[in-house]
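J.:
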Amino acid sequence: MKNVCPVCGFDQLAEAPYDKDNNPSYEICDCCGFEFGYDDDSEGKTFEEYRKEWISNGCQWFNEDKKPQEWDVERQLSNL
């Protein structure tokens with residue numbers, strides 16, 4: 001099973017964003033830059049609000065080195 005970012009749909013997270021007890025991984029998504037356990041606690045926004053912000057900012061990659069050559073934002077968002 002792939003670990004998918006609930007903000008942007010990136011399916012290459014090293015760990016699940018949250019474990020079975022809802023504890024965050026503190027991993028930062030290479031695509032949208034969301035940090036599980038930090039961004040969700042610090043501002044109180046929903047994943048949908050973060051997603052809208054990421055999309056309105058042009059779907060910029062947090063870590064360009066991890067961006068697949070043939071990346072397609074629509075395909076990635078379909079993972080959600």
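One point on numbering: in the UniProt record's numbering, the residue at position 19 of the sequence shown is 19, and numbering is uninterrupted. Just so it is clear, CB atoms sit at the ideal spot from N, CA and C, and this is done for glycine as well. Note that the structure is predicted; figures quoted are calculated from it, not measured.
Quick one: give me the first and last residue of the alpha helix (DSSP H) that Leu77 is part of.
T.: For the purposes of this step, residue 77 is taken as the residue at position 77 of the sequence shown. Where Leu77 is concerned, the enclosing alpha helix (DSSP H) stretches over 73 to 77.
J.: Which same chain residues, not among the five before or five after Phe36, have their C-beta less than 7 Å away from its C-beta?
T.: The residue given as residue 36 occupies position 36 in the sequence shown. Around Phe36: Pro17, Tyr18, Pro24, Ser25, Tyr26, Glu27.
J.: For the alpha helix (DSSP H) that contains Phe47, what are its first and last residues?
T.: Residue 47 sits at position 47 when you count from the first residue of the sequence shown. Note, Phe47: alpha helix (DSSP H), 47 to 56.
J.: Taking Phe34 and Gln76 to be in contact with their CB atoms under 8 Å, please state how far apart those CB atoms are, rounded to whole angstroms.
T.: Here residue 34 corresponds to residue number 34 of the sequence shown, with the count starting at 1. Here residue 76 corresponds to residue number 76 of the sequence shown, with the count starting at 1. Between Gln76 and Phe34 the Cβ distance is about 14 Å, and since that is not below 8 Å, they are no contact.
J.: Is Asn3 closer than 9 Å to Leu13 when the C-beta atoms are compared?
T.: Walking along the sequence shown from the start, residue 13 turns up at place 13. Walking along the sequence shown from the start, residue 3 turns up at place 3. Yes, these two residues count as a Cβ contact at 9 Å.
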